[in-house]
Amino acid sequence: MIKDPSVVIIGSGPGGFYVAEAITKKLNSDIDIIDRLPTPFGLIRSGVAPDHQNTKKIIARYTNTAKKEQIRFFGNIEIGRDFSIEELRNIYDVVILATGLELDKKLEIKGSDLKGVFGSAEFVGWYNGHPDYVNLDPNLNTNNVVVIGNGNVAIDIVRILSKTPQEMTESDIPDYALKAINQSPIKKTYIVGRRGPVQAKFTNVELRELGSLKNCNPEINIKDLPKEIDENFSDRDKRLIEKNLETLRNFSMLSNKSKEKKINFIFFHKPIEIIGDEKVNAIKFEKVQLENSQLKETGEFMTINCGLVITAIGHQPKQIQGFEVSNSVVKNSNGKIDRGFYAVGWIKRGPTGVIATNKADGELVVDLISKEFKTQTKDGRKSLIEIIKSKNLTATSFEDWEKIDSCEKKNAMDLAPRKKILSIKEMLNICKI
Ligand code: NAP
Numbered sequence: 046m047i048k049d050p051s052v053v054i055i056g057s058g059p060g061g062f063y064v065a066e067a068i069t070k071k072l073n074s075d076i077d078i079i080d081r082l083p084t085p086f087g088l089i090r091s092g093v094a095p096d097h098q099n100t101k102k103i104i105a106r107y108t109n110t111a112k113k114e115q116i117r118f119f120g121n122i123e124i125g126r127d128f129s130i131e132e133l134r135n136i137y138d139v140v141i142l143a144t145g146l147e148l149d150k151k152l153e154i155k156g157s158d159l160k161g162v163f164g165s166a167e168f169v170g171w172y173n174g175h176p177d178y179v180n181l182d183p184n185l186n187t188n189n190v191v192v193i194g195n196g197n198v199a200i201d202i203v204r205i206l207s208k209t210p211q212e213m214t215e216s217d218i219p220d221y222a223l224k225a226i227n228q229s230p231i232k233k234t235y236i237v238g239r240r241g242p243v244q245a246k247f248t249n250v251e252l253r254e255l256g257s258l259k260n261c262n263p264e265i266n267i268k269d270l271p272k273e274i275d276e277n278f279s280d281r282d283k284r285l286i287e288k289n290l291e292t293l294r295n296f297s298m299l300s301n302k303s304k305e306k307k308i309n310f311i312f313f314h315k316p317i318e319i320i321g322d323e324k325v326n327a328i329k330f331e332k333v334q335l336e337n338s339q340l341k342e343t344g345e346f347m348t349i350n351c352g353l354v355i356t357a358i359g360h361q362p363k364q365i366q367g368f369e370v371s372n373s374v375v376k377n378s379n380g381k382i383d384r385g386f387y388a389v390g391w392i393k394r395g396p397t398g399v400i401a402t403n404k405a406d407g408e409l410v411v412d413l414i415s416k417e418f419k420t421q422t423k424d425g426r427k428s429l430i431e432i433i434k435s436k437n438l439t440a441t442s443f444e445d446w447e448k449i450d451s452c453e454k455k456n457a458m459d460l461a462p463r464k465k466i467l468s469i470k471e472m473l474n475i476c477k478i
C-alpha cells in the first residue's frame, strides 16, 4: 500500500498528541513521536498541578492514540543533543515542532538572580517531580512568599503552598516536595499583579478554589475592586470578568479569619527590585495606574519582606538550531515554518488557552500536510532506528513507559494515584526489566 508522508513530531505533550491524533484520522502516515524524557505527556505529567488529577485524565485519550498501529514513541531522545532538526528533516517528509515553551520568561529587574528567586517552570517542575528540577531544593524556611503574575500558574503555585497534607492525599506530589511544604513556616503568600483584577488572566474555577482551602483564607482589599467594568470588552469577556470580581468580593467578606495561612491579593504593583545580599530578603514594588491600557508610575513604593520569590510571568522556548524565534515563539505562518516543517502548541502561538486549544493546531497541520505532499518520499522511522543504533542511544518505547507507569502506580501510598520515579537513570533501569 502506498503510504502518506512520513511524520515525526518533536514533543509528546498535548500539542504533540493532538496533532498525532488528527493525522491518524486523515492519513495513513507512519507517525513517530520523540520526547527528551523517557516518559510521555509533557506538561500533563509535569506542569498540570499534582492536586488536579482530573485534568490529567486526558492521558487516557493520548494513550489510545499512542497505541494506534501508525504511531511509535521514542523517549529519551533529545533534539539539539542527540539529533539536529536538520537530520530529522533529511529523513522525514514532515517534521512537527511541539516542544512547548520550556523556559521561564525572565523578570528583568535588579536582584532577579538572587538565591531564593525561581521561575514558575522550575518551581512547578520541582513540586511535580520533573527530573530536571528534583534537586532544585528551594529554601522554604520563610514566613512570606511572593508570587508575581496574575495567571493560572500563579494560582496553582499559591494553592499548592497553602494546602494541608490532607488536601494533598489524592495528589501525585513527590514526598520531598510535600515534606518541604508541610514543614515550612510559610504563613502568607502574596500574589501580585502589575495590572488590576479586571485584567487578571486567571480563570474563575481556579480562582474560586482558593476560597475553600482548609487552612488558608484569601485576603483582598475591597477598595481594589471596581464597582463596574468601564473598559470595552466583549459580552463574553465581561461575563467572565464579572465572575472573577464576584469571587474576589466574596473573598473580601470571608468570615473565618482564624485560618493559619493567608493568600494575599495585591493589584496594580509593578516589581522594581528584589532586595538581598546573597539571598532574597524582600521585594520592592511601585504602585501603578492604568491609563489607556498603559501602566503609569505613581512614585509610591511598597516593600514586602520575604525569603522566596516565584515569578509566574510567562514562558520562552529553548533555543535549538534549526528554527528562528520571534516574540518568544517559533517564526511561523499559521503553523508553517517551512515546507514540511510545522509547529503546534505553545511554541507556535505562545502560552495561551487550555489543553484542548491544541486540537485546532493539530487539525490545521493536517491540512498543510495534505496540501504540500501526496505520498511518502522519505523512509522516516527506518532511518531513525538505524541512526539511534549507530549513535548508541537508548530510546524508550511506549511499552517502556507502561512499565514505568505500572511501577509508579504500584508504589503509590494510600490514596495517591502514583509515586513518581524521579530520575532518568531509575526510569531506564525499570525499562530493562
Ligand atoms: P499568563 O496567563 O499569561 O499570566 C502571566 C501573568 O504574568 C500575567 O498576569 C502578566 O501580566 C504577568 N506578567 C508578565 N510579565 C510581567 C512582568 N514583567 N512583571 C509583572 N508581571 C508580569 O501565563 P501563565 O499563568 O503562565 O499561564 C500560561 C497558560 O497556561 C495560560 O493559558 C493558563 O490559563 C494556562 N494554565 C491553565 C491552568 C488551569 O486551567 N488550571 C493552570 C496553569 C496554566 P500582564 O497581563 O500585565 O501581562
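Using my numbering, the letters of the sequence shown correspond one by one to residues 46 to 478.
The beta carbon of each residue, even a glycine, is placed where N, CA and C say it ideally should be.
Segments of 4+ residues assigned as alpha helix (DSSP H) that fall wholly inside the segment 237-320: 249-254, 280-297
Exposed unless 16 or more other CB atoms sit within 10 angstroms - verdict on Q334: exposed
Cβ contact check for the segment 124-143 and the segment 374-394: 3 or more pairs under 8 Å: Segment contact: the segment 124-143 against the segment 374-394, three or more CB-CB distances shorter than 8 Å; contact assigned.
Touch test, the segment 219-231 against the segment 265-275, Cβ-Cβ under 8 Å, three pairs minimum: The segment 219-231 vs the segment 265-275: no contact.
Cα-Cα separation, P462 to E336: 48 Å
Contiguous beta strand (DSSP E) assignments of at least 3 residues, all confined to the segment 339-380: Complete beta strand (DSSP E) runs here, min 3: 339-350, 353-356.
Short Cβ contact (7 Å threshold) for I311 with I319: no
From T84, I76, M46, Y107, residue whose alpha carbon lies closest to that of V52: Of T84, I76, M46, Y107, the residue nearest in Cα terms is I76.
Option in L438, T441, L460, K465 with minimal Cα separation from S451: Answer by Cα proximity: K465.
Any non-hydrogen atom of the ligand NAP within 6 Å of R394 CB: no
Beta-bridge pairing of D149 - partner residues as DSSP gives them: In DSSP, D149 forms a bridge with H360.
Where the alpha helix (DSSP H) through E331 begins and ends: E331 -> not in any alpha helix (DSSP H); beta strand (DSSP E) instead, spanning 325-336.
Runs of alpha helix (DSSP H) wholly within the segment 148-213 (minimum 4 residues, chain order): 165-172, 197-207
Inter-residue Cα distance where the pair is G390 and G125: Looking at the two C-alpha atoms, the distance is approximately 19 Å.
Distance, N474 Cα to G56 Cα: 22 Å
Limits of the beta strand (DSSP E) - the one that V52 falls within: 52-55
K246 Cβ short of 6 Å to the ligand NAP heavy atom set: Yes, the Cβ of K246 comes within 6 Å of a heavy atom of the ligand NAP.
Cα-Cα separation between N309 and V325, rounded to whole angstroms: 19 Å
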